[in-house]
Amino acid sequence: MNKMNDKWINDIRSRMENYSEPLPVDLWEKIDSEINRPKVIPMWRRWTSVAAAAAVVIAVSTLSVFYWTSEPALNNLTMPVANNEKPDNDMEKENVLQNISADNVIVSETENKNVLAHIPAKTVKEDKQQVTNPEQQQPVLHVSDNKSAVEDNNEVEIAAAEENKSSSKERRINMMKADRETVRRNASYLAMADDGGKMKRNNIQVGLMTGNVPYSSSSSFGGMSRLGMSTKSLSSVNNIVVGEMSDATASYSQMLLNNMNKETYTDIKHHVPVTVGASVKWGFSEKWALETGLNYTYLYSELRSGATSYIEDKQKLHYVGIPLKVQRSVWSNSIFTFYASAGGMMEKCVSGSLERVSVDENNRKNYYSEDLNVKQLQFSVLASVGLQANFNKLLSLYLEPGMIYYFDDNTDILTIRKDKPFNFNLQLGIRFNLNNK
Amino acid sequence: MTEEELSLKCAQADPDARKRLYEVYGGQLLAICLRYIGDRDISQDVFHDGMIKIYQSLGQFKFLGEGSLKAWLSRVMVNEALGYLRKKNLQMQQETLVEQLPDTQLDDDGDVNSIPNKELMRMIRELPDGYRTVFNLFVFEEKSHKEIASMLGISEHTSSSQFYRAKTLLMKKINEYRKRL
Chain P
1 MNKMNDKWIN DIRSRMENYS EPLPVDLWEK IDSEINRPKV IPMWRRWTSV AAAAAVVIAV
61 STLSVFYWTS EPALNNLTMP VANNEKPDND MEKENVLQNI SADNVIVSET ENKNVLAHIP
121 AKTVKEDKQQ VTNPEQQQPV LHVSDNKSAV EDNNEVEIAA AEENKSSSKE RRINMMKADR
181 ETVRRNASYL AMADDGGKMK RNNIQVGLMT GNVPYSSSSS FGGMSRLGMS TKSLSSVNNI
241 VVGEMSDATA SYSQMLLNNM NKETYTDIKH HVPVTVGASV KWGFSEKWAL ETGLNYTYLY
301 SELRSGATSY IEDKQKLHYV GIPLKVQRSV WSNSIFTFYA SAGGMMEKCV SGSLERVSVD
361 ENNRKNYYSE DLNVKQLQFS VLASVGLQAN FNKLLSLYLE PGMIYYFDDN TDILTIRKDK
421 PFNFNLQLGI RFNLNNK
Chain G
1 MTEEELSLKC AQADPDARKR LYEVYGGQLL AICLRYIGDR DISQDVFHDG MIKIYQSLGQ
61 FKFLGEGSLK AWLSRVMVNE ALGYLRKKNL QMQQETLVEQ LPDTQLDDDG DVNSIPNKEL
121 MRMIRELPDG YRTVFNLFVF EEKSHKEIAS MLGISEHTSS SQFYRAKTLL MKKINEYRKR
181 L
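Those sequence lines, one after another, are chains P and G. To convert, note that position 191 of the first sequence is 191 in my numbering; the numbers rise steadily by one, no gaps. To convert, note that position 48 of the second sequence is 48 in my numbering; the numbers rise steadily by one, no gaps.
Structure, rendered in structure tokens:
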């Protein structure tokens with residue numbers, strides 16, 4: 001029986017071993033084109049090239065951050081304008097001091113200390129000097145002369161700085177154009193390389209997502225602060241009271257003056273940011289995928305600053321952002337896919353507003369609103385892990401916890417991103433598979 | 001061009017050699033896919049993937065004498081086919097069906113010599129997936145049931161019983177074919 005079995009098996013083996021099937025007509029062309037394809041795709045699977053790509057991403061984002069942040073640096077050239085406040089300020093103080101009789105010098109010094117409790121130490125020091133050296137007060141006219149001289153000087157400097165700025169802007173625009181072209185070329189190259197490939201490799205998914213930093217942030221500290229603009233010291237407020245400014249700034253300045261000798265505190269509450277977005281995910285190989293899309297984020301912050309007289313700010317910011325992420329699938333079975341993802345995001349504030357209520361000691365309320373115009377771009381980098389549940393061939397749900405870091409966008413606007421630049425991030429969404437295979 | 005030259009030139013991505021390799025061995029390799037998978041369209045897909053893999057990894061091939069190239073190519077293709085079947089994970093589903101099949105007497109030896117190759121191929125292709133896999137591995141790769149069991153993640157007993165059923169079914173088909181002649 002066994003012998004017979006062996007013979008039967010051997011018969012089948014010898015009959016079938018060299019059996020050849022007729023080859024389909026155009027299969028060779030397909031295989032040929034695929035094996036002769038430039039070795040771009042396999043490169044992506046290698047860790048060295050991934051590391052190189054990551055380095056490029058980091059370099060590009062660092063560079064762009066550098067370029068965006070260097071604009072305010074150029075603005076610093078105009079800083080002498082701010083220094084201008086000093087002589088002006090001195091004038092003010094001199095006015096105050098002129099009202100003080102000479103024999104009361106010591107008393108007025110202590111009074112002044114109280115009044116100026118919230119002025120930075122430097123100004124206080126200057127003040128003291130002036131109190132103790134009354135002879136410096138004399139040349140009032142001289143000071144104002146000096147001031148106009150400084151102003152003249154500044155105009156020249158401002159013009160120079162602006163010229164400088166526009167040429168650097170041009171350079172930057174050119175650079176961005178070049179970058180964009182490179183990106184487009186690379187993308188078309190990749191697409192070309194993958195063209196004629198199998199559809200299941202060219203997997204495209206579209207998705208909807210929501211999520212963000214999953215909690216709000218609040219802080220409280222002594223002193224005065226505000227959301228929309230840089231914190232002002234009383235010295236600059238003094239200057240501003242006589243100058244031109246918006247209503248909101250005026251109310252803030254007024255309130256600062258009202259609270260000059262009171263214990264003040266500030267409460268800031270940044271609400272949970274809300275993000276919604278759409279995404280496109282392109283799986284360019286079995287393991288690797290690129291994801292980009294369009295996000296909308298809403299940031300809402302509230303501030304209360306002052307003492308018995310105080311202001312309440314409500315700041316609303318709307319951002320539109322473009323994320324770019326690289327994903328690598330780590331593990332998967334028929335239902336779940338576990339992947340790691342890293343990338344960056346560029347966001348632009350498309351609209352912003354600040355609503356302010358200022359309440360004075362007599363409980364009189366003044367309402368103001370102001371549009372916030374943020375020109376600077378907000379960059380961030382993030383790394384996350386994702387778990388995707390594939391319900392069927394078409395639909396899957398994913399959850400992506402990760403860490404995000406927001407670069408300083410060099411604005412004076414306080415947001416949760418300024419408060420906690422490095423934060424936990426959670427994303428939730430669905431993906432639709434466009435390939436039915 | 002000898003087998004050795006062919007493999008070396010293919011490894012150097014010579015286009016003529018690649019085409020020649022396809023022409024010489026393609027048909028046999030496609031037959032392997034068909035024998036394992038059954039379905040023609042899927043077999044062609046797997047064959048396509050297997051060929052790409054072959055061209056990509058021919059650099060690793062070491063020539064060990066006449067016939068070693070064909071053996072190597074077959075092994076890559078068999079692995080590709082098995083990889084596909086494993087993904088489909090049909091072995092498990094097959095086990096319940098096994099028991100329901102009627103036994104046939106083995107007194108007729110199911111002589112294969114009078115059957116055309118093409119018909120024999122069709123019969124093997126028509127075997128249920130699980131049987132076919134075990135049958136292929138046992139007959140053509142000359143694996144023991146122990147090896148098959150560990151390859152497919154089934155028990156040794158399942159492997160031998162599936163082979164027995166496959167053989168029985170195939171003999172039945174052969175006998176039916178001969179009766180029709």
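Cβ atoms here follow ideal geometry from the backbone N, Cα and C, with glycine treated the same way.
Min CB distance S20 (chain P) to chain G below 8 Å: For the purposes of this step, residue 20 (chain P) is taken as residue 20 along the first sequence, with counting starting at 1. Proximity of S20 (chain P) to chain G, defined by a Cβ-Cβ separation below 8 Å, is satisfied.
Beta strand (DSSP E) runs wholly inside the region 295-350 of chain P, at least 3 long, in chain order: 310-332
Quick check on DSSP: helix, strand or coil for I114 (chain G)? Start at 1 with the first residue of the second sequence, and residue 114 (chain G) comes out as number 114. Reading the sequence as shown, one finds Ser at residue 114 (chain G) and not Ile. Three-state result, S114 (chain G): coil.
With H, G and I counted as helix, E and B as strand and the rest as coil, what does DSSP make of P22 (chain P)? Numbered from its first residue, the first sequence carries residue 22 (chain P) at position 22. In the structure shown, P22 (chain P) sits in coil (DSSP, three-state: anything other than H, G, I, E or B).
Tell me the DSSP secondary structure of V24 (chain G) in three-state form. Start at 1 with the first residue of the second sequence, and residue 24 (chain G) comes out as number 24. Helix.
Distance, Cα to Cα, D371 (chain P) vs S351 (chain P)? Within the first sequence, the letter at position 371 stands for residue 371 (chain P). Within the first sequence, the letter at position 351 stands for residue 351 (chain P). In a straight line, the C-alpha of D371 (chain P) is about 8 Å away from that of S351 (chain P).
Is Q162 (chain G) buried or exposed, if buried means 16 or more other CB atoms sit within 10 Å of its CB? Your numbering for residue 162 (chain G) matches position 162 in the second sequence. Per the 10 Å Cβ criterion, buried.
Residue-chain proximity (K19 (chain G), chain P), Cβ-Cβ < 8 Å: Start at 1 with the first residue of the second sequence, and residue 19 (chain G) comes out as number 19. It does; some Cβ of chain P falls within 8 Å.
Just checking: is the beta-carbon of L181 (chain G) within a distance shorter than 8 Å of some beta-carbon in chain P? Counted from its first residue, the second sequence places residue 181 (chain G) at position 181. Chain P contact via Cβ: absent.
Would you decide whether F379 (chain P) is buried or exposed? Buried here means 16 or more other CB atoms lie within 10 Å of its CB. On the first sequence, residue 379 (chain P) is found 379 positions in, with the first residue counted as 1. With 16 or more other Cβ atoms within 10 Å, it is buried.
For the alpha helix (DSSP H) containing L285 (chain P), name the first residue and the last one. For the purposes of this step, residue 285 (chain P) is taken as the residue at position 285 of the first sequence. Strictly speaking, residue 285 (chain P) in this sequence is Ser, with Leu absent from that position. It is not in any alpha helix (DSSP H) - S285 (chain P) carries neither H nor E in the DSSP assignment.
Using 8 Å as the threshold, is the C-beta distance between A81 (chain G) and I148 (chain G) below it? Residue 81 (chain G) sits at position 81 when you count from the first residue of the second sequence. Residue 148 (chain G) sits at position 148 when you count from the first residue of the second sequence. Not closer than 8 Å, so no.
C-alpha distance - Y368 (chain P) paired with A307 (chain P), whole-angstrom precision: Indexing the first sequence from 1 puts residue 368 (chain P) at position 368. Indexing the first sequence from 1 puts residue 307 (chain P) at position 307. The straight-line gap from Cα to Cα measures roughly 19 Å.
Ordered along the chain, which non-local residues of its own chain (more than five positions away) have a Cβ less than 7 Å from that of A289 (chain P)? The residue labelled residue 289 (chain P) in the question sits at position 289 within the first sequence. Scanning its chain for C-beta atoms nearer than 7 Å, with the 5 sequence neighbours on each side dropped, one finds around A289 (chain P) the residues K281, W282, G283 and Q327, in chain order.
Contact defined as beta carbons within less than 8 Å: I believe F424 (chain P) pairs with Q388 (chain P). What is the distance between those atoms, to the nearest angstrom? Residue mapping note: residue 424 (chain P) aligns to position 424 of the first sequence, counting from 1. Residue mapping note: residue 388 (chain P) aligns to position 388 of the first sequence, counting from 1. F424 (chain P) to Q388 (chain P), Cβ: 20 Å. No contact.
Which residues share a DSSP beta bridge with F140 (chain G)? If you number the second sequence from 1, residue 140 (chain G) lands on position 140. Note: F140 (chain G) sits in no beta bridge, so no partner.
So what does DSSP say about L6 (chain G), is it helix, strand or coil? If you number the second sequence from 1, residue 6 (chain G) lands on position 6. If DSSP states are grouped into helix, strand and coil, L6 (chain G) belongs with the helices.
Say whether chain G places a C-beta atom closer than 8 Å to the C-beta of W28 (chain P). As a working note, residue 28 (chain P) is residue 28 in the first sequence. So yes, W28 (chain P) belongs to the interface.
At the level of alpha carbons, what is the spacing between S155 (chain G) and V134 (chain G)? Position 155 of the second sequence, counted from the start, is the residue given in the question as residue 155 (chain G). Position 134 of the second sequence, counted from the start, is the residue given in the question as residue 134 (chain G). Their backbone Cα atoms lie some 12 Å apart in a straight line.
How long is the line joining the alpha carbons of Y298 (chain P) and D32 (chain P), rounded to whole angstroms? In the first sequence, the residue the question calls residue 298 (chain P) occupies position 298. In the first sequence, the residue the question calls residue 32 (chain P) occupies position 32. Y298 (chain P) and D32 (chain P): Cα-Cα distance of roughly 51 Å.
Any beta carbon from chain P within less than 8 Å of H145 (chain G)'s own beta carbon? To locate residue 145 (chain G), count along the second sequence from 1; it is residue 145. Not one beta carbon of chain P lies nearer than 8 Å to the beta carbon of H145 (chain G).
Reduced DSSP category for Q46 (chain G) - H, G, I as helix; E, B as strand; rest coil: As a working note, residue 46 (chain G) is residue 46 in the second sequence. Residue identity differs from the one stated: residue 46 (chain G) is Val in this sequence, not Gln. In the structure shown, V46 (chain G) sits in a helix (DSSP, three-state: H, G or I).
Taking a Cβ distance cut-off of 7 Å, strictly less, list which residues of the region 122-146 of chain G are near chain P, in chain order. V139 and F140
Any beta carbon from chain B within less than 8 Å of Q28 (chain G)'s own beta carbon? This model lacks chain B altogether, as its protein chains are P and G.
Contact set between L34 (chain G) and chain P, taken where Cβ atoms lie within less than 9 Å: Within the second sequence, numbered from 1, the residue matching residue 34 (chain G) stands at position 34. The answer, in chain order, is E21.
Check the Cβ of L73 (chain G) against every Cβ in chain P and list those closer than 7 Å, keeping chain order. On the second sequence, position 73 is the one that residue 73 (chain G) refers to. Under the 7 Å cutoff, chain P gives no residues; its nearest Cβ is about 13 Å from L73 (chain G).
Reference K365 (chain P), options P:D313, P:Q376 and P:R171, closest by Cα: Stepping through the first sequence from its first residue, residue 365 (chain P) is reached at position 365. Closest in C-alpha terms to K365 (chain P), from the list P:D313, P:Q376 and P:R171, comes P:D313.
Segment contact flag, the region 401-413 of chain P with the region 355-363 of chain P, C-beta cutoff 8 Å, min 3 pairs: no
Beta-bridge pairing of G277 (chain P) - partner residues as DSSP gives them: Your numbering for residue 277 (chain P) matches position 277 in the first sequence. Bridge partners of G277 (chain P): P:M209 and P:N295.
With distance defined between alpha-carbon atoms, name the residue in P:P24, P:D6 and P:M345 nearest to M403 (chain P). Within the first sequence, the letter at position 403 stands for residue 403 (chain P). Residue P:M345 is the option with its Cα nearest to M403 (chain P).
Determine whether the beta carbon atoms of S20 (chain P) and G27 (chain G) lie at a separation below 8 Å. Here residue 20 (chain P) refers to the residue found at position 20 when the first sequence is read from its first residue. Here residue 27 (chain G) refers to the residue found at position 27 when the second sequence is read from its first residue. Yes; because the gap between Cβ atoms is below 8 Å, this pair is in contact.
Bridge partner(s) assigned by DSSP for K365 (chain P): If you number the first sequence from 1, residue 365 (chain P) lands on position 365. Partner(s): P:V359.
Between the CA atoms of E291 (chain P) and V272 (chain P) - distance to the nearest angstrom: For the purposes of this step, residue 272 (chain P) is taken as the residue at position 272 of the first sequence. For the purposes of this step, residue 291 (chain P) is taken as the residue at position 291 of the first sequence. Cα-Cα distance, rounded: 25 Å.
List the residues that DSSP assigns as beta-bridge partners of G352 (chain P). Taking the first sequence and counting its residues from 1, one reaches residue 352 (chain P) at position 352. Answer by DSSP bridge pairing, in chain order: P:L317.
For chain G, is any of its Cβ atoms less than 8 Å away from the one on D6 (chain P)? Counting from 1 along the first sequence, the entry for residue 6 (chain P) is found at position 6. It does not: the Cβ of D6 (chain P) has no partner Cβ on chain G nearer than 8 Å.
I'd like to know whether the C-beta of N286 (chain P) is nearer than 8 Å to at least one C-beta of chain G. Mapped onto the first sequence, residue 286 (chain P) falls at position 286. Note that residue 286 (chain P) is Glu in the sequence shown, not Asn. No Cβ of chain G is located within less than 8 Å of the beta carbon of E286 (chain P).
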